[in-house]
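K.L.:
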Amino acid sequence: MSDNFLLPLLLIVPIVGAMVCALLPDAKVARLWALVVSIATAVVAGVLAYQFDWRAGDGRILYGGGIDSLLQVSTINFGFTLAADAVSLWLVLLTVLLMPLAVAASFDSIRERQKEYYAWMLALLTAMLGVFVARDLLLFYIFFELTLIPMFFIIGIWGGSQRREAAGKFFLFTFAGSVFTLAGVVYIGLRCDTFDLDMIMRSVREGVFSDSERFWLFLAFLAGFAVKIPLFPVHTWLPLAHTEAPTAGSVILAGVLLKLGTYGLYKLAIPIGLLAPGSNRPAFPTLLHVLGVLCLIGIIYGALVAWVQQDIKKLVAYSSVSHLGFCVLGLIALNDAGVGGSVLYMINHGLSTGALFLVIGMIYDRYHTRDIDALSGLARSMPVMAFFFILFTLSSIGLPGLNGFVSEFLTIFGAFTSDHLGIGYGVIAATGIVLGAIYMLHMTARVIWGPLKTPAVHGHGDSHHDPERLKRGANADLAADAPAAQQPDAMTRHDAPAVKPPTVSAVPAAEGPTLSAALHGTQSDAGQGASPDHTPGDLNGREIAVLMPLAILVIVLGVFPNLVLKTIEPSIQQQITQADQQPAEPRTVAAAD
Amino acid sequence: MQTFDNNLIRAMAPELLLCAVACVLFLLGVSSRAAARRVAPVIAAAALLAVFGWQVMATEASATLADQYQTFRVFEFATYIKMLAAGVGVLFVLLAWPTNREATGNSALDFGADAGEFFGLMLLSIAGVMLVAGANDMILLFLGLELASIPTYIMVSISRPLPVAQEAGVKYFFLGAMSAGIMLFGFSYLYGTTGTTSLHEIATRFSESARLDTGATQTLTAWQQLAVVMLIAGFAFKIAAVPLHFYAGDVYQGAATPVTAFLSFVPKTSGFVALIKLLFVISGGAWESPEVVQKLLWVMAVLTMTAGNVLGLLQFNVKRVLAYSSIAHTGYMLVGLTVYAVTGVGADANVKQSALQGVLFYLASYGIMNAGAFGVLMLLPAREDRGLGLGRAKTLPATSAETFEDLAGTGRRNVGLGLAMAVCCFSLIGLPLTVGFFGKLFLIRPALDAAHGEDRTWMIWLVVITMINAAISAAYYLRIVATMFLRPEPTDLAAESEPPTSTGGGETSGTGAALARPMPILIAIGLSVFGTLLFGALPPATQVLDLRASSAANIEAASLSTYVPMDDEDEPATSPAAAAR
């Protein structure tokens, strides 16, 4: 079993890239550099995937763990060891796919302090990949925590008008949960006398931990992961963070960061805490049911709240709460269908929700609003955008033939057939699908179809027409924080010298009070797609190139879900569903000692 | 009987060196030539560097020294503390480097007046910590503690010519004197009930009484309990633990920033070292401390960190925030000491050691990361005093940054300083890749260990409360980072200085917004950030520091093996290694 140096390379490339990026002289170079680095990371991941023995079932790629390794703290048996199995490799692939797209999507929307922005994005990439490939429990935790810092800055500096509140809430919520995870991690390291996950899993199967210990450990893990996922009562940071984050931040947040929580549940919390040692049955059925009910509440509540949102981004954010409920429900079904569907769900949700945020970002770049009431009939002016929007919406709803259907079906099927959950869970979760279709189609119908209605690209901004604000108008940040801008309307931060009276492209009759409230100006150098007559054009080539890979994958994974399902099955069985049939000693260890 | 003890000189050499240099500096202070006064900080830094290097190099053999009466005993524990005090002391000298009044806001520290005295006092205080570390006699221990404290009273008062500094100095002095009185009272009872001033003798007596009880728990007589409580109260003042923490906010705010940094580490270290010695003594070396002490420490730890963090949330002044955070960090270290007191001979012996190791590691990490945070504050200007009659452009602030308003947006203009502050704050929160993360890890690990060995649910609760507190503390540290990076600069400032030129927001030399950058302070910040990241992100470095703390924590074995008792046949049982079976 030899070290595979591509694994550490996967982490080194982006972090070195981030450092170089921060030192680059020019912002234009920086964003190209970030794109190149994220693609290079994707290439490394691609080679890893190519080398990976997908047929071998529980094949793994390993790195580190030698006794002579320099990168260890031997007093607590912490070491820099990495491993990738099929599940983590799929999530790595998801991450490296989304990151270049997110970077490319930021080219227009991020206009200030670009070097810092791209450096933080690349640092975030390292942290996320690290979580998926860590083979050391403490290392896992370290990367898990490190995702907070870049995201805090990305939301806090480049976010919307409430960005400071959103960033602080994001950081504090997640950190407050994960400190308890740290206590659990340290306790496991203490009892097993190592942080190596393979050895910990062996100890767990041998029943090192008593029931009460595992109960508390599960709660400790849950405290950290539930906030990240986010499960129902602790989800409140998510809508704000999503709404305020820049487009790329939302894409990464929904696409990957939320998966860290479910991945942690799958990888650690359930095998270590929930399953009785050496079996695939839950040790704490009551806890399982509590968790299941929380998922159901999340599914229904998230869907209902999404239904009434005015802000498209917020709607999709709440839909994430609902969707991740399915994901966790599948995990705790503890059968092949449920867990497999759940892992597939992680990937599919990353693809379709990430893509939706990208499209919404493109709309926002053009109109500087995400208000459902302010937008209508976009299909008339932007048919290409409408195509993608509807495709990803349908994927998110779970239309058969697209990717969302398979995973949604499997998680609910898993809940139905689970020995531990039962029909009630399946039935209630299934209503969540109906609600999901309602709120998504409700929004799509209003935004995409109907008579064309868009806010003017150039606002009047009369009410803010004082000279001092004009002077500072160039600096959007200052404008955002000037007292006059402290209005509920997020649009005011783009207030700029007025050049034109308000123009509403069409159907002025439909213009309601909300519309005029949203009309207060936009940047004069508005969206990239702005055509000479100031009507934003359809998607440009770069934007289509960003969306196309996701669109293809959405269809491919919808038609051939087995591409993922077959490959992850052995890992899942070893991890959870057939934990009872595993020999006490996993076959993959040994090399470390 | 020898009249002159070579061993004493050798054992006390670092302290003697620092005291001698301090005397030289006092003389330099009265020199009429400015050039002579100008070398004062150089000499101080050189002396501390020499001591630091010496202690780093000290091997186990050379580290075990004692004079013939055993009043002063140096072993690895003391060596570690000396290394720490000297090493972090260098940072403090660099921070307090008298550059000019505009740069640091420490107008008393310009070369015109007090530089010599100031650095002399600093060295004396550090020598006091070292004396505490080596003291094996309660009188020497008391003298060491006072030597560490009394110079700081003066330093606070002369640090800047503002009424708040005088107020802080007086407050600090009176409360310090009171705590010294309480402490001395406690020492007298301890002497009265044991009949000896030698800490080691007392420890031996306690260990004998422990064996008589055949239990692992010590019992104290009522008088001894009184003595111990008074001593802990006295030490609690030095370490700023609840309920003797009230001075911290005012004093830290009143003193000039470099002095605040000094206060948050040096007297605290002396108090912790003394507390460790006290716990060592009353537990008879390796046994559990008496139950009353365990409970007292538990309650103190919980109250201290909770009060520190909750009050820290409510502050508007960043120096006060750091003051309350300093109280909170005292609480974290008290968690380690609680575990140290709770565990004892037997299966727990190694937990006892790792608890102490955690405290020592945390002390080091706190010293490293805290200095940087104060350093960054020093280089940022205060904004309140702008435009006081001297014309806007030329006015330079009289103090360094203190309030959140002062910090707003500064991270954008001074990216380097902002990042340094971010690193220090993240380390103080305990985020990974910083030394603070491992500090927290090494503190809660023994606590969990102690909890699972025996049925001690209250240790689990201690960990839970610690973690909740870590989450609370994140809020105010994050507020500092957010203020620097996410908030815009005040509009009048931004209007008169050029808007950030490049999108990258490099280090533009803004007018009035950035102070002159004195090199020594930059070096101190750099060293602090470097140390924070080095010991946090590079496992080999972490391991080096950890091993060092680990051998330093082995005070039972070190001290008892070199000690020659009257009745040697009983002695082996006292060493935890033997008792651990």
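So the protein lines, in turn, are chains A and B.
Taking the numbering used here, the leading residue of the first sequence gets 270, the next gets one more, and so forth.
Taking the numbering used here, the leading residue of the second sequence gets 477, the next gets one more, and so forth.
Heads up, the beta-carbon is just placed ideally off N, CA and C, and yes, glycines get one too.
(1) Tell me which same chain residues have a C-beta within less than 6 Å of the C-beta of S375(A), skipping the five on either side of it?
(2) What residue range does the alpha helix (DSSP H) around A352(A) cover?
(3) Checking 9 Å against the spacing of the C-beta atoms, do T622(A) and S589(A) come in under that value?
(4) I need the boundaries of the alpha helix (DSSP H) containing L721(A), first residue and last residue.
(5) Mind listing, in chain order, the continuous alpha helix (DSSP H) runs of no fewer than 4 residues lying wholly within the region 714-783 of chain B?
(6) Are the CB atoms of Y728(B) and S635(B) within a distance shorter than 9 Å?
(7) Can you find the residues in the same chain that come closer than 7 Å, C-beta to C-beta, to D480(A), ignoring five residues on each side of it along the sequence?
(8) Taking DSSP as the reference, what is the three-state secondary structure of R762(A)?
(9) Anything in the region 814-826 of chain B with a Cβ closer than 8 Å to a Cβ of chain A? List those residues in chain order, please.
(10) Taking all protein chains shown into account, decide if F494(A) is buried (16 or more other Cβ within 10 angstroms of its Cβ) or exposed.
(11) Using a 10 Å radius around the Cβ and a threshold of 16 neighbouring Cβ atoms, would you call T1072(B) buried or exposed?
(12) Show which residues of chain B have a CB atom less than 8 Å away from the CB atom of R460(A).
(13) Restricting to Cα atoms, I'd like to know which of V718(B), L616(B) and M488(B) is closest to G807(B).
(14) Within the 9 Å Cβ cut-off, does D882(B) reach chain A?
(15) Output the boundary residues of the beta strand (DSSP E) element that contains I330(A).
(16) Would you call the region 608-619 of chain A in contact with the region 805-820 of chain A, where contact means no fewer than 3 C-beta pairs closer than 8 Å?
(17) Is there a Cβ of chain A sitting closer than 9 Å to that of Q1019(B), yes or no?
(18) Select from W389(A), I666(A) and G542(A) the residue whose C-alpha is nearest the C-alpha of P515(A).
(19) Is the beta carbon of L866(A) sitting closer than 9 Å to the one on L573(A)?
(20) Would you list the one or two residues that DSSP bridges to R796(B)?
(21) Suppose contacts are defined by Cβ-Cβ distances below 9 Å. Is K536(A) in contact with F409(A) by that definition?
(22) So, G894(B) versus M943(B), is the Cβ gap smaller than 9 Å?
(23) What do you get for D640(A), buried or exposed, if any count of 16 or more other CB atoms within 10 angstroms of its CB means buried?
(24) Does K916(B) have its Cβ less than 9 Å from a Cβ in chain A?
(25) Nearest-angstrom Cα distance between G760(B) and K753(B)?
(26) In the structure shown, what three-state DSSP assignment does L739(A) receive?
(27) Classify R649(A) as helix, strand or coil using the three-state DSSP reduction.
(28) Could you spell out where the alpha helix (DSSP H) holding E812(A) opens and where it closes?
(29) Buried or exposed for L790(B), please, with buried defined as at least 16 other CB atoms from any protein chain shown within 10 angstroms of its CB.
(30) Could you give the uninterrupted runs of the alpha helix (DSSP H) lying entirely in the region 353-411 of chain A, keeping only those of 4 residues or more?
(31) Taking Cβ positions only, does R955(B) come closer than 9 Å to chain A?
(32) On the three-state DSSP scale, how would you describe L544(A)?
(33) Which residues bound the alpha helix (DSSP H) around Q642(B)?
(34) Sort out for me which residues DSSP pairs L917(B) with in a bridge.
(35) Determine which residues share a DSSP beta bridge with S674(B) and list them.
(36) Rounded to whole angstroms, what is the Cα-Cα separation between I594(A) and D688(A)?
P.N.:
So, to answer that:
(1) Taking the first sequence and counting its residues from 1, one reaches residue 375(A) at position 106. Cβ within range, chain order: A517.
(2) Along the first sequence, one-based indexing puts residue 352(A) at 83. A352(A) -> not in any alpha helix (DSSP H); beta strand (DSSP E) instead, spanning L351 to A353.
(3) As a position in the first sequence, residue 622(A) is number 353, starting the count at 1. As a position in the first sequence, residue 589(A) is number 320, starting the count at 1. Going by C-beta atoms, T622(A) is nearer than 9 Å to S589(A).
(4) Position 452 of the first sequence, counted from the first residue, corresponds to residue 721(A). Here L721(A) belongs to no alpha helix (DSSP H), and DSSP marks it neither H nor E.
(5) 722-730, 733-739 and 742-758
(6) Here residue 635(B) refers to the residue found at position 159 when the second sequence is read from its first residue. Here residue 728(B) refers to the residue found at position 252 when the second sequence is read from its first residue. Cβ atoms of S635(B) and Y728(B): not closer than 9 Å.
(7) Here residue 480(A) corresponds to residue number 211 of the first sequence, with the count starting at 1. Cβ neighbours of D480(A) beyond the five flanking positions: A552.
(8) As a position in the first sequence, residue 762(A) is number 493, starting the count at 1. The predicted model places R762(A) with a pLDDT of 39, which falls under 50 and marks its position as unreliable; any figure quoted below should be read in that light. Correct three-state label for R762(A): helix.
(9) none
(10) Along the first sequence, read from residue 1 onward, the residue named residue 494(A) stands at position 225. Classification of F494(A): buried, given that the 10 Å Cβ count is 16 or more.
(11) No answer is possible for residue 1072(B): it lies beyond the span of chain B, which begins at 477 and ends at 1057.
(12) The residue labelled residue 460(A) in the question sits at position 191 within the first sequence. Within 8 Å Cβ-Cβ: H928.
(13) Taking the first residue of the second sequence as position 1, residue 807(B) is located at position 331. For G807(B), the nearest C-alpha among the options comes from V718(B).
(14) Translated into the one-based positions of the second sequence, residue 882(B) becomes position 406. No, D882(B) lies away from the interface with chain A (no Cβ there is under 9 Å from its Cβ).
(15) Along the first sequence, one-based indexing puts residue 330(A) at 61. Looking at the DSSP string, the run of the beta strand (DSSP E) that includes I330(A) is I330 to Y332.
(16) no
(17) In the second sequence, counting from the first residue as 1, residue 1019(B) sits at position 543. Cβ-Cβ to chain A under 9 Å: yes for Q1019(B).
(18) Taking the first residue of the first sequence as 1, we reach residue 515(A) at position 246. With distances taken between Cα atoms, P515(A) lies closest to W389(A).
(19) Since the first residue of chain A shown is 270 and the last is 862, residue 866(A) is not available in this structure.
(20) As a working note, residue 796(B) is residue 320 in the second sequence. DSSP, once it has assigned bridges, lists no residue as partnering R796(B).
(21) Position 267 of the first sequence, counting from 1, holds the residue named residue 536(A). Position 140 of the first sequence, counting from 1, holds the residue named residue 409(A). Cβ distance < 9 Å, so K536(A) and F409(A) count as in contact.
(22) Here residue 894(B) refers to the residue found at position 418 of the second sequence. Here residue 943(B) refers to the residue found at position 467 of the second sequence. No, Cβ-Cβ distance for G894(B) and M943(B) is not below 9 Å.
(23) Within the first sequence, residue 640(A) is the residue found at index 371, counting from 1. When all chains shown are included, D640(A) counts as buried.
(24) As a first step, residue 916(B) must be located in the second sequence, where it is residue number 440. So, interface residue.
(25) The residue you call residue 760(B) lines up with position 284 of the second sequence. The residue you call residue 753(B) lines up with position 277 of the second sequence. If I take the Cα positions, the gap works out to 11 Å.
(26) For the purposes of this step, residue 739(A) is identified with residue 470 of the first sequence, where counting begins at 1. In this prediction, L739(A) has a pLDDT of 39, which is less than 50 and means its spatial position is unreliable; what the coordinates show is noted afterwards. Looking at L739(A) - three-state DSSP - the assignment turns out to be helix.
(27) Position 380 of the first sequence, counted from the start, is the residue given in the question as residue 649(A). Three-state result, R649(A): helix.
(28) Here residue 812(A) refers to the residue found at position 543 when the first sequence is read from its first residue. Taken as a continuous stretch (DSSP letters only), the alpha helix (DSSP H) holding E812(A) covers G810 to V828.
(29) The residue you call residue 790(B) lines up with position 314 of the second sequence. Classification of L790(B): exposed, given that the 10 Å Cβ count is below 16.
(30) 355-378 and 383-402
(31) In the second sequence, the residue the question calls residue 955(B) occupies position 479. Judged by the 9 Å Cβ criterion, R955(B) is in contact with chain A.
(32) Numbered from 1 along the first sequence, position 275 holds the residue referred to as residue 544(A). Strand.
(33) Stepping through the second sequence from its first residue, residue 642(B) is reached at position 166. Run containing Q642(B): P639 to T670, per the alpha helix (DSSP H) assignment.
(34) As a first step, residue 917(B) is located in the second sequence; it is residue number 441 there, counting from the start. Answer is none; L917(B) lacks a bridge partner.
(35) Here residue 674(B) is taken as the residue at index 198 of the second sequence, counted from 1. S674(B) is bridged to D613(B).
(36) Mapped onto the first sequence, residue 594(A) falls at position 325. Mapped onto the first sequence, residue 688(A) falls at position 419. It should be pointed out that residue 594(A) corresponds to Gly in this sequence rather than to Ile. Those two C-alpha atoms are separated by around 19 Å.
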